[in-house]
Amino acid sequence: MTGLIEGLKEAFIPAILIVVVPTAVLGFLLSGSDNLALLAEAVILIVLADVSANVINNYADWHIDVFNEKRNAMHSVFERQHLLFMYGALLLVLYSVMLIIGANLYLISSVTIFVILGMLYSVGTKLKDRVFLNYLTIAIAYAAVSASVGFFSGNGNVSAFLRWSPLLLFLVFVDLGYSMTKDYSDIVGDRKHNKKTFPVMFGKGKTVKIQLAFITLAYAFLVAAVLEGLLNPLFLILLVSYAFAIYIVIMVHVTEDKDVHERMHFNSQRNGLLVRLIIIVILLAVYFNL
Numbered sequence: 002m003t004g005l006i007e008g009l010k011e012a013f014i015p016a017i018l019i020v021v022v023p024t025a026v027l028g029f030l031l032s033g034s035d036n037l038a039l040l041a042e043a044v045i046l047i048v049l050a051d052v053s054a055n056v057i058n059n060y061a062d063w064h065i066d067v068f069n070e071k072r073n074a075m076h077s078v079f080e081r082q083h084l085l086f087m088y089g090a091l092l093l094v095l096y097s098v099m100l101i102i103g104a105n106l107y108l109i110s111s112v113t114i115f116v117i118l119g120m121l122y123s124v125g126t127k128l129k130d131r132v133f134l135n136y137l138t139i140a141i142a143y144a145a146v147s148a149s150v151g152f153f154s155g156n157g158n159v160s161a162f163l164r165w166s167p168l169l170l171f172l173v174f175v176d177l178g179y180s181m182t183k184d185y186s187d188i189v190g191d192r193k194h195n196k197k198t199f200p201v202m203f204g205k206g207k208t209v210k211i212q213l214a215f216i217t218l219a220y221a222f223l224v225a226a227v228l229e230g231l232l233n234p235l236f237l238i239l240l241v242s243y244a245f246a247i248y249i250v251i252m253v254h255v256t257e258d259k260d261v262h263e264r265m266h267f268n269s270q271r272n273g274l275l276v277r278l279i280i281i282v283i284l285l286a287v288y289f290n291l
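Counted the way my numbering counts, the sequence shown spans residues 2 to 291.
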């Protein structure tokens, strides 16, 4: 029974939920709605969408994960084709939920974009194997699209959504930089399977510099948006997460230990969560007067 539970956990529950769900909550707060039932709908939809993306990704990565000794419990419990049936069932449930709640066109479109990005990332065009597009796809899905699912659950006003584009662009830039951390621990397996990640293409040393440049660009954009009056100065508190990001990049740079690289990947996810939590607190304090 324990093996089955672990297998189900690895197949269905992506660690990135700790980032995606808060992003949907953040987007809902940006909508200005205080309807908790609509918030619950947003969370349910983004969880189903992200779990489906995780399942199809596990299907696509089945052989390379075996080589990299990842998701061993899932491989011992399920066969690869089982994941396709799970994926189809999840999409059926996802769209059934939207039908039941009477989702507006913008919400349906946002969820569908997330699903399409998840599919294109893993199968078909396999964006995950294309230089830079792999990171960009992740950043757009986890930041802008996840936030739009939350926003359009509470508000169907596109103009109001676009008003927050500077904040959402910052999130995209941040996730673009953070997402590179996931590939340091898999360089050997990714090279063997011709995965076009930055560490495979440029080596770890150059990738660390590229990653630091992208992360710095994200926070420079944040500062510029504040100076231009596009964002409240309180958002400069987010520079705390920049310090954490630099620590992560340094730790990756100074060691070849795969376990450390995996831990830094987890820390990048936690840093992404920290960014979202800071933004949520600011929104609650400033825009909801809590």
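We put the CB at the ideal spot given by N, CA and C, even for glycine. All values reported here derive from a predicted model rather than from experimental measurement.
Can the beta-carbon of T182 be found less than 8 Å from the beta-carbon of V253?
yes
Whole-angstrom Cβ separation of K259 and S186, contact assumed at under 8 Å?
Between S186 and K259 the Cβ distance is about 5 Å, and since that is below 8 Å, they are a contact.
6 Å CB neighbourhood of Y122 in its chain, flanking five on each side removed:
L128, K129, T138
Three-state secondary structure (DSSP) of D35:
coil
Helix or strand or just coil, what does DSSP make of G155?
Note: G155 maps to helix in three-state DSSP.
In chain order, what residues of the same chain lie with their CB nearer than 8 Å to the CB of A50, ignoring the 5 residues before and after it?
L95, V112, F115, V116, G119, V150
Report back the beta-carbon spacing between L235 and V159 to the nearest angstrom; my notes put them in contact at under 8 Å.
Not really, about 26 Å apart at Cβ, beyond 8 Å.
Return the chain-ordered list of same chain residues with a C-beta closer than 8 Å to the C-beta of V276, the five sequence neighbours on each side being excluded.
Closer than 8 Å at Cβ, skipping near neighbours: L172, V175, L239, S242.
Check the C-beta distance from S154 over to E42 and give it rounded, since I have them as a contact under 8 Å.
Indeed they touch by this definition, with Cβ atoms about 5 Å apart.
For H266, does the count of other Cβ atoms within 10 angstroms reach 16, so buried, or fall short, so exposed?
buried
Limits of the unbroken alpha helix (DSSP H) element including N195
That residue, N195, is in no alpha helix (DSSP H); it is neither H nor E in DSSP.
In or out: F29 buried (at least 16 other Cβ within 10 Å) or exposed?
buried
Span of the alpha helix (DSSP H) around E263:
259–283
Same chain only: Cβ atoms within 6 Å of I216, ignoring 5 sequence neighbours per side
G178, A246
Given L232 as reference, the closest of D66, S32, L168 once Cα atoms are compared:
L168
Under the criterion of a Cβ to heavy atom distance below 7 Å, does I211 qualify as lining the ligand COA?
The model depicted lacks the ligand COA and carries no ligand whatsoever.
State the CB to CB distance for the pair Q270 and I19, rounded to an integer number of angstroms; the pair is presumed to be in contact (CB under 8 Å).
6 Å
Within a Cβ cutoff of 8 Å, which residues of the same chain sit near V146, ignoring the five residues on either side of it in sequence?
S111, I114, F115, L118
4-residue-minimum alpha helix (DSSP H) runs that sit fully inside the segment 69–115, ordered along the chain:
73–78, 81–102
At which residues does the alpha helix (DSSP H) containing N135 begin and terminate?
134–140
Closest by C-alpha distance to L213, when choosing among S180, I188, N195:
S180
Drop a sphere of 10 angstroms on the beta-carbon of F152, count the other beta-carbons inside from all chains shown, and report buried for 16 or more, exposed for fewer.
buried
Is E229 helix, strand or coil by DSSP?
In the three-state reduction of the DSSP assignment, E229 falls in the coil class.
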